[in-house]
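Each position in the sequence shown, counted from 1, maps to that position plus 1230 in this note's numbering.
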Amino acid sequence: AAHLSILEDMTVSASYRLLHPRMYDLEKISTDAHPRAFTPLDDSEIHFAIPLPLPCSAEHLSNTSAFLLDGGSHLLLQVGKDAPPDLLDEVLAQSHADPTKPQELSEGSDLGGKVACMLKEMRHDLPFYAPLQIYISGGNGPEERRLLSLLIEDKTKHEISYVDYLCAVHRRIQQKMA
């Protein structure tokens, strides 16, 4: 009953994120790659545009980068175990990945500030606080399994990928219209 109550209070865009998560490659976030990213929306000093997301697929994951996944009710930040020291320093304010230590987001760097801005925008229209879980990849812990379960555009053993499913539905509609 509590989940239904929360769902009723959510906006359409927020409830859509529960069904279709969004994933961002933090290493590629820059104003050059996304010209409108981090610019104010509608002359607002509070809300900013966030970069375009990647397809939610494991083929986009890498052990040398960092990824932010917005699952609607929670946020996951995966840092690759082989990420370069400068990326680790900008995201976590440390020079090497240590999966045994709890991780915190660094807001003192340019990239850390951009990630904090993205988190604020992602949490804005939610009727609850979405916690951020930060972890180092390769540990096969619960956070990593959760992230992998949210990659909805991957093929599974018994099912086709999400994109292939949409193409099949489109073909069936075209056949019925013809």
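All residues carry an ideal CB built from backbone N, CA and C; glycine is no exception.
Treat the numbers as computed from the prediction; the structure is a model and nothing was measured.
According to DSSP, residues forming a beta bridge with residue i
i: F1297; result: D1255, Q1308
i: I1366; result: V1309
i: L1284; result: M1253
Pair within 8 Å by beta-carbon distance, residue i and residue j
i: K1385; j: S1379; result: no
i: D1319; j: T1241; result: no
i: L1284; j: M1253; result: yes
i: E1334; j: G1343; result: no
i: A1323; j: A1296; result: no
i: L1341; j: I1280; result: no
i: L1381; j: S1287; result: yes
i: P1251; j: L1291; result: no
i: I1236; j: P1357; result: yes
Cβ distance (whole Å) where residue i is taken to contact residue j below 8 Å
i: V1399; j: E1383; result: Actually they do not touch by this definition, with Cβ atoms about 15 Å apart.
i: E1238; j: L1317; result: Not quite, the Cβ-Cβ distance comes to about 40 Å (not below 8 Å), so this is no contact.
i: G1302; j: A1244; result: 7 Å
i: A1346; j: M1352; result: Wrong, their Cβ atoms sit about 11 Å apart, outside the cutoff.
For the stretch 1305-1317 against the stretch 1353-1370, are there 3 or more C-beta pairs whose distance is under 8 Å?
yes
Every unbroken beta strand (DSSP E) within the stretch 1339-1387, with a cutoff of 3 residues, ordered by chain:
1362-1366
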